[in-house]
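Numbering-wise (our numbering), the sequence shown opens with residue 32 and increments by one.
Even for Gly, the Cβ is constructed at its ideal location relative to N, Cα and C.
To start, the structure itself, in structure tokens.
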Amino acid sequence: MKLTLCELEEQLMGSSDIPCAVDTAIASVRIDSRLVSKGDVFFCIEGNNFDGHNFAQAALDAGAVAVVVSQFLPELDGKPVIMVRDTVQALGKLAAYWRQKSNARMIAVTGSAGKTTVKEMLAHVLAGSHTVHKNFMNLNNQLGLPLSMLEASGEETYWVMELGISLPGDMAELGVIAMPDMAIVHNIGPAHLEGLGDMEKVAAAKASIFKYLHPQGKAMCCKDYELLWNAASGITDPIGFSSQDENAPYYSTLLETLPDGSGKFLIKAGDETIEVILPTCGSHFAENAAAVTGAAHTLGMELTEIAERLATVKLPRQRFHCHTHGKWTLIDDSYNANPLSMNKAIETAKDIAGERPLILVLGDMLELGDEAGCAHCDLGDKIADIKPAATFYHGRHYSEVASKTNGSTLVPVNKPDEFLNGIHELGLSDAVVLFKGSRSCRMEKYFHALNSKINGETGGDNA
Numbered sequence: 032m033k034l035t036l037c038e039l040e041e042q043l044m045g046s047s048d049i050p051c052a053v054d055t056a057i058a059s060v061r062i063d064s065r066l067v068s069k070g071d072v073f074f075c076i077e078g079n080n081f082d083g084h085n086f087a088q089a090a091l092d093a094g095a096v097a098v099v100v101s102q103f104l105p106e107l108d109g110k111p112v113i114m115v116r117d118t119v120q121a122l123g124k125l126a127a128y129w130r131q132k133s134n135a136r137m138i139a140v141t142g143s144a145g146k147t148t149v150k151e152m153l154a155h156v157l158a159g160s161h162t163v164h165k166n167f168m169n170l171n172n173q174l175g176l177p178l179s180m181l182e183a184s185g186e187e188t189y190w191v192m193e194l195g196i197s198l199p200g201d202m203a204e205l206g207v208i209a210m211p212d213m214a215i216v217h218n219i220g221p222a223h224l225e226g227l228g229d230m231e232k233v234a235a236a237k238a239s240i241f242k243y244l245h246p247q248g249k250a251m252c253c254k255d256y257e258l259l260w261n262a263a264s265g266i267t268d269p270i271g272f273s274s275q276d277e278n279a280p281y282y283s284t285l286l287e288t289l290p291d292g293s294g295k296f297l298i299k300a301g302d303e304t305i306e307v308i309l310p311t312c313g314s315h316f317a318e319n320a321a322a323v324t325g326a327a328h329t330l331g332m333e334l335t336e337i338a339e340r341l342a343t344v345k346l347p348r349q350r351f352h353c354h355t356h357g358k359w360t361l362i363d364d365s366y367n368a369n370p371l372s373m374n375k376a377i378e379t380a381k382d383i384a385g386e387r388p389l390i391l392v393l394g395d396m397l398e399l400g401d402e403a404g405c406a407h408c409d410l411g412d413k414i415a416d417i418k419p420a421a422t423f424y425h426g427r428h429y430s431e432v433a434s435k436t437n438g439s440t441l442v443p444v445n446k447p448d449e450f451l452n453g454i455h456e457l458g459l460s461d462a463v464v465l466f467k468g469s470r471s472c473r474m475e476k477y478f479h480a481l482n483s484k485i486n487g488e489t490g491g492d493n494a
């Protein structure tokens, strides 16, 4: 970031007594006073657990050249303070200014499941021949997006940023900050229904990112979700990609699931096709591969180069990572869950298992509002259909899931030790084990417990 204190004041139009020093460079923008160092600007954000205003003096003591506040702090009289109405909006406004000042091309990624994976895959593909900046992991909201943008040098060719929404109006706030040159919506599903409402509203909210495209910007949209495609087509003329329609401009499909959990995929751009091995598998990753192929090809990359880069991609942790220990395959997909991603993960795990026993270790799917009960009953139906050797379930929606499993073994667990005892009682010598649930369930604890136990028995290294 190359901004001065003078630019900060001018963009925020806040009240302050700071001399407009054009030569006072801002080193970084911080919202955590513990990270502040000399030359930084500290934005005082009011959170659920902490109020940044209580740490304004600490930030100045650490070397901040200014603090941005929305409350009058008499103890800071005479200090470099900028008063604004809303510090979160002020942070977004500064990021939008930096976006306009930079020559980087902004690519915005959104969807109901897998945003981080698509963002990471696309950033990796583009980085083969361009400089790329991306947001760290899933810092994708009204705080994470602007902070990620302000961390860029401004000299990059591309900024690849994921945008996450959970409430009506979120995309409007993020869209004016990002102002993308390309926007990608790769799927929709029943996620954040508690805030967004029904699926039509989810589709409309996700597709609304296209309203904020630059005049010559490119809209990329998955054709496999009718509500989404219709919503997008009502705003712009999107470029389609698909994991179901081989006649789409961009297409991918899983050709073969390999024993180590990787997959052989076909990717297609126009009339050209090529095969590639990805370090994961499943229909949802064909969807991701189609999105990334379409975006990179539209930006000018050749399909062969795209395939070469996809073959070396490393996925974020806890996103369907397959760990093989002898005859055991542990699939860590524990980062988060909603009905869309849960169904796809279970289906893919079943494909990997083949004739081997399949064990499901699942947790609640949260933020579903009034649909929570039905969604967990549907999960029970899915378990009954898949017929795993056993399912271990962590969470308060156990009863809804159990009501529909039709006699399939479903074991409630509250801690990893209970799970380890239960899986030991099954007496299995090999299995495919899937771990998945919403973030607050922390299903990775169950993964690590079994992973450590198997490694201890085999003498292997932790995956």
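(request) Throw me the rounded Cβ distance for the residue 205 and residue 194 pair, which I believe falls under 8 angstroms. (result) Residue 205 to residue 194, Cβ: 5 angstroms. Contact.
(message) Quick check: the Cα distance between residue 373 and residue 258, rounded to an integer number of angstroms?
(response) Rounded to the nearest angstrom, the two C-alpha atoms are 20 angstroms apart.
(request) Please name the residue, chosen from 415, 451, 423, 87, that lies closest to residue 105 on a Cα-to-Cα basis. (result) Per the C-alpha coordinates, the member of 415, 451, 423, 87 positioned closest to residue 105 is 87.
(request) Identify whether residue 251 lies in helix, strand or coil by the three-state DSSP scheme. (result) Residue 251: strand per DSSP, three-state reduction.
(message) Which runs of the alpha helix (DSSP H) at least 4 residues long sit entirely within the stretch 388 to 456? Give them in chain order.
(response) If we require 4 residues or more, the alpha helix (DSSP H) runs fully inside the stretch 388 to 456 come out as 403 to 417, 429 to 433.
(request) Taking all protein chains shown into account, decide if residue 492 is buried (16 or more other Cβ within 10 angstroms of its Cβ) or exposed. (result) Because the pLDDT at residue 492 is just 43, under 50, the model does not fix this residue reliably, and the point stays unresolved.
(request) Name, in chain order, the residues that DSSP records as bridge partners for residue 362. (result) In DSSP, residue 362 forms a bridge with 353, 465.
(message) Quick check: the Cα distance between residue 293 and residue 467, rounded to an integer number of angstroms?
(response) Looking at the two C-alpha atoms, the distance is approximately 18 angstroms.
(message) Per the DSSP calculation, residue 41 is bridged to which residue(s)?
(response) DSSP, once it has assigned bridges, lists no residue as partnering residue 41.
(request) State the CB to CB distance for the pair residue 253 and residue 318, rounded to an integer number of angstroms; the pair is presumed to be in contact (CB under 8 angstroms). (result) Separation of the CB atoms of residue 253 and residue 318 is rounded to 7 angstroms, and the pair is thereby assigned contact status at 8 angstroms.
(request) Determine which residues share a DSSP beta bridge with residue 271 and list them. (result) Note: residue 271 sits in a beta bridge opposite 252.
(message) Give me, in chain order, the residues of the same chain whose beta-carbon lies closer than 7 angstroms to that of residue 110; leave out the 5 immediate sequence neighbours on both sides.
(response) Once the five neighbours on either side are set aside, the close Cβ partners of residue 110 are 91.
(message) Let me confirm a value: residue 283 is counted as buried when at least 16 other C-beta atoms fall within 10 Å, else exposed. Which label applies?
(response) Flag for residue 283 reads buried.
(message) Checking 8 angstroms against the spacing of the C-beta atoms, do residue 141 and residue 249 come in under that value?
(response) Contact flag unset, no.
(request) Whole angstroms is fine: what's the gap from residue 425's alpha carbon to residue 447's? (result) Distance between the alpha carbons of residue 425 and residue 447 is about 10 angstroms.
(request) Run the CB neighbour count on residue 455, radius 10 Å, all protein chains shown included, and call it buried at 16 or more, exposed below. (result) By the Cβ neighbour-count rule, residue 455 is exposed, with fewer than 16 other Cβ atoms within 10 Å of its own.
(request) Pull up the DSSP beta-bridge partners for residue 74, would you. (result) Partner(s): 99.
(request) Mind checking which residues open and close the beta strand (DSSP E) that includes residue 283? (result) Taken as a continuous stretch (DSSP letters only), the beta strand (DSSP E) holding residue 283 covers 281 to 288.
(request) Determine the DSSP secondary structure at residue 151, reduced to helix, strand or coil. (result) DSSP places residue 151 within a helical segment (H, G or I) once states are collapsed to three.
(message) Please state whether the Cβ-Cβ distance between residue 215 and residue 176 is less than 8 angstroms.
(response) No, they are not a contact pair.
(request) Report the rounded CA-to-CA distance for residue 49 versus residue 41, giving the unit in angstroms. (result) Annotation: residue 49 to residue 41 spans about 12 angstroms, alpha carbon to alpha carbon.
(request) Buried or exposed for residue 457, please, with buried defined as at least 16 other CB atoms from any protein chain shown within 10 angstroms of its CB. (result) Exposed is the call here.
(request) Using the Cα positions of residue 225 and residue 151, report the straight-line distance between them to the nearest angstrom. (result) C-alpha separation (whole angstroms): 27 angstroms.
(request) Pull up the distance between the alpha-carbon of residue 238 and that of residue 356, whole angstroms please. (result) Those two C-alpha atoms are separated by around 42 angstroms.
(request) Please look up how many angstroms separate the CB atoms of residue 220 and residue 143, rounded, as I've assumed it's under 8 angstroms. (result) With a Cβ gap of about 4 angstroms, residue 220 and residue 143 count as contacting.
(request) Flag this pair as yes or no: are the beta carbons of residue 323 and residue 149 separated by less than 8 angstroms? (result) A contact, by the Cβ cut-off of 8 angstroms.
(message) Tell me the residue span of the alpha helix (DSSP H) that contains residue 233.
(response) In the DSSP assignment, residue 233 falls within the alpha helix (DSSP H) that extends over 230 to 238.
(request) Could you pull out every unbroken alpha helix (DSSP H) segment of at least 4 residues lying fully inside the stretch 155 to 198, listed in chain order? (result) The qualifying runs are 175 to 181.
(request) Count the other CB atoms, across all protein chains shown, that sit within 10 Å of the CB of residue 427; report buried if there are 16 or more and exposed otherwise. (result) By the 10 Å Cβ count, residue 427 comes out exposed.
(request) In the DSSP assignment, find the alpha helix (DSSP H) that holds residue 381 and state where it starts and stops. (result) Here the alpha helix (DSSP H) through residue 381 covers 370 to 384.
(request) Flag this pair as touching only if the stretch 392 to 402 and the stretch 468 to 478 have three or more C-beta atom pairs under 8 angstroms; answer yes or no. (result) Yes, they touch.
(request) For residue 475, name the three-state secondary structure that DSSP assigns. (result) Reduced to three states, the DSSP call for residue 475 is helix.
(message) Can you tell me whether residue 59 is helix, strand or coil according to DSSP?
(response) Three-state result, residue 59: coil.
(request) Have a look at 415, 185, 451 and flag the residue whose alpha-carbon is nearest the alpha-carbon of residue 439. (result) For the options 415, 185, 451, the alpha carbon positioned closest to that of residue 439 is the one of 415.
(request) Rounded to whole angstroms, what's the CA-CA distance from residue 398 to residue 65? Just pull it up for me. (result) Computed Cα separation, rounded: 31 angstroms.
(request) Select from 161, 160, 183, 297 the residue whose C-alpha is nearest the C-alpha of residue 167. (result) Considering only alpha carbons, the answer is 183.
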